[in-house]
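Have a look at the structure below, then the notes.
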Amino acid sequence: MRSFGPAVAGMVLILVLVVANASSWLVGLVSLVVIGLLLVFRHWHSSQQDDAVAAYVRDSTEEIQKWQERLRCLHAETRQNASALLQLSDGVIVLTKDFSVLLINPSAVRLLGLKKRDALLGRCFTELVRVPQLLASIRSAVREQQPQEFTVELHDQGVMRPLRVRVDLIDTGEEPNLQLSLRDETETRRVEDMRREFIANVSHELKTPLAAIKGYAETVELAVQDDPDAALHFMQQIMSQCLRLERLVHEMMQLARAQAGPANLHLSSVSLSEIVSDAIRTYEPVAAANGLDLIQEVPSGEAKIIADREATLTIANNLIGNALRYTPSGGEIRVSIVEQTDQWALVVEDTGVGIPYSEQQRIFERFYRGSRNEESSTSGTGLGLAIVKHLTQAQQGDVSVTSTPGEGSRFCVCLPAVQASKELNRV
Numbered sequence: 001m002r003s004f005g006p007a008v009a010g011m012v013l014i015l016v017l018v019v020a021n022a023s024s025w026l027v028g029l030v031s032l033v034v035i036g037l038l039l040v041f042r043h044w045h046s047s048q049q050d051d052a053v054a055a056y057v058r059d060s061t062e063e064i065q066k067w068q069e070r071l072r073c074l075h076a077e078t079r080q081n082a083s084a085l086l087q088l089s090d091g092v093i094v095l096t097k098d099f100s101v102l103l104i105n106p107s108a109v110r111l112l113g114l115k116k117r118d119a120l121l122g123r124c125f126t127e128l129v130r131v132p133q134l135l136a137s138i139r140s141a142v143r144e145q146q147p148q149e150f151t152v153e154l155h156d157q158g159v160m161r162p163l164r165v166r167v168d169l170i171d172t173g174e175e176p177n178l179q180l181s182l183r184d185e186t187e188t189r190r191v192e193d194m195r196r197e198f199i200a201n202v203s204h205e206l207k208t209p210l211a212a213i214k215g216y217a218e219t220v221e222l223a224v225q226d227d228p229d230a231a232l233h234f235m236q237q238i239m240s241q242c243l244r245l246e247r248l249v250h251e252m253m254q255l256a257r258a259q260a261g262p263a264n265l266h267l268s269s270v271s272l273s274e275i276v277s278d279a280i281r282t283y284e285p286v287a288a289a290n291g292l293d294l295i296q297e298v299p300s301g302e303a304k305i306i307a308d309r310e311a312t313l314t315i316a317n318n319l320i321g322n323a324l325r326y327t328p329s330g331g332e333i334r335v336s337i338v339e340q341t342d343q344w345a346l347v348v349e350d351t352g353v354g355i356p357y358s359e360q361q362r363i364f365e366r367f368y369r370g371s372r373n374e375e376s377s378t379s380g381t382g383l384g385l386a387i388v389k390h391l392t393q394a395q396q397g398d399v400s401v402t403s404t405p406g407e408g409s410r411f412c413v414c415l416p417a418v419q420a421s422k423e424l425n426r427v
């Protein structure tokens, strides 16, 4: 109504002038003034409305931009969570109260041996997985309103897979959902079995020489006066067993150092040729005493590698010593250095008893002794090749073996060359 106020006032003024018999020119003038004022007022009022509309549009636009930013952040967070769920190594499943599948990630599909992840959504979990213990624990979690944690064993294509399962209730504000977390315990059990086997092997390896030392010591005590020659023989046996213990402890320390990885190594540019020559000089008298030919094939250059010198010398010593141990008299051990792409390879070949194919994948295990030990006159601790493997891996290298029973074996250790390492650092 305020917009009509000036118009009404103008009309009243014109009527007053007409009633008062004012001159026509005055009435016309006043009319023009009134019309002008009306136009001005209308323009001003329109501007006010436009400013109000503009302000409203501006405020609305800013609010829309804020909500768009919030929505963008929400979408980004959702994508990150979805990506993390897809990449998670543990299986995750979310079920409704009637056990319908709301969510299942690829790891859960793999661990349960299911197929076609997208086709699983909405289906009843009890129809997909028929494991009595698993289904009973899910129902128990719903009935008792308490989390459940247990281990089940699933058989997938002839392979037994132990799974650690946890069932939790998810409060959604209405009916609670269920979340199943699945973890593959295969590697954990393997490590635990290796730990138990290692302890058992160490106990056995220590027990044998200690029992021999104890027996020889008791015999020496009785024979020292009546039979000095026998007492001397037993003392020599005690010394032999002490040396065996010392060698076992030393190799166990080497293995522990190797398994610690690069942390205990001092990597630098070293000459593989010099290291191999040092190892050859150490074992030449042993080879000569056993009637074996120890042949060295080293290139004229230094064959520079990035490695720990002592660790690499240990690798060479163990490989050469191993070849000497399992090669009968009259045989040959050939030690060579071969250049490869970005690597130098230390190759130790022998004409010994060889290794059956079924054992070639296990000879790098700790304390493993294959059938060829029965054909050898001496027996090692079973740690030498395990030390070679771990020291090689700690220096970013790899080790391999090829062998034919009765014809010999070929061990190859590849370590990164200096030039390759420099180019890698520049990249």
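Quick note on numbering: the sequence shown equals residues 1 to 427 in the UniProt record's numbering. Cβ atoms here follow ideal geometry from the backbone N, Cα and C, with glycine treated the same way.
Quick one: is residue i buried, meaning 16 or more other Cβ sit within 10 Å of its Cβ, or exposed?
i	result
Ile-295	exposed
Glu-349	buried
Asn-318	buried
Tyr-216	buried
Leu-222	exposed
Cys-73	exposed
Cys-414	buried
Ala-136	exposed
Asn-425	Only weak support exists for where Asn-425 lies, its pLDDT of 44 falling under 50; the value from the coordinates is given anyway. That one is exposed.
Gly-408	buried
Arg-281	exposed
Leu-272	buried
Gln-241	buried
Gly-122	exposed
Pro-132	exposed
residue 451	Because the chain is modelled from 1 through 427, residue 451 falls outside the range shown and cannot be assessed.
Leu-232	exposed
Val-159	exposed
residue 440	With the chain running from 1 to 427 in the structure shown, residue 440 is simply not present.
Ile-170	exposed
Val-427	For Val-427, the predicted model reports a pLDDT of 36, less than 50, meaning its position is unreliable and no value from the coordinates is stated.
Ser-107	buried
Phe-411	buried
Ile-64	exposed
Tyr-326	buried
Tyr-56	exposed
Thr-61	exposed
Just reading off the beta strand (DSSP E) that residue i is part of, what are its end residues?
i	result
Glu-297	293 to 297
Ser-403	398 to 404
Ala-345	343 to 350
Leu-415	408 to 416
Arg-110	Arg-110 -> not in any beta strand (DSSP E); alpha helix (DSSP H) instead, spanning 106 to 111.
Glu-332	332 to 340
Leu-182	177 to 184
Leu-169	159 to 170
Gly-91	91 to 95
Residue i lies in the alpha helix (DSSP H); which residues open and close that run?
i	result
Gly-321	309 to 325
Thr-392	384 to 394
residue 434	Because residue 434 is not part of the residues shown, which for the chain are 1 to 427, the question remains open.
Ala-287	272 to 289
Leu-265	Leu-265 -> no alpha helix (DSSP H), and no H or E assigned at all.
Leu-128	125 to 128
So residue i packs on residue j, CB below 8 Å; how close in whole Å?
i	j	result
Val-165	Leu-134	6 Å
Thr-392	Ile-315	6 Å
residue 432	Val-418	The structure shown does not extend to residue 432, since the chain is modelled only from 1 to 427, so the question has no answer here.
Can you give me the C-alpha to C-alpha distance between residue i and residue j, rounded to a whole angstrom?
i	j	result
Asn-177	Pro-147	12 Å
residue 472	Gly-406	No statement about residue 472 is possible, as the shown extent of the chain runs from 1 to 427 and does not include it.
Asn-264	Arg-309	12 Å
Ile-387	Gln-360	16 Å
Glu-69	Asp-59	15 Å
Tyr-357	Thr-404	8 Å
Ile-138	Val-167	7 Å
Gln-236	Gly-291	25 Å
Thr-341	Pro-416	9 Å
Asp-398	Lys-389	8 Å
Leu-210	Leu-182	46 Å
Glu-332	Leu-245	30 Å
Ser-203	Leu-111	37 Å
Ala-230	Ile-238	12 Å
Pro-228	Ala-289	30 Å
Thr-186	Ser-100	28 Å
Glu-144	Leu-163	23 Å
Val-401	Ile-337	16 Å
Leu-385	Val-129	44 Å
Leu-114	Arg-189	23 Å
Lys-116	Asp-184	20 Å
* To do: Could I get the ranges of all uninterrupted beta strand (DSSP E) runs contained in the stretch 206 to 232, with 3 residues as the minimum, in chain order?
  => none
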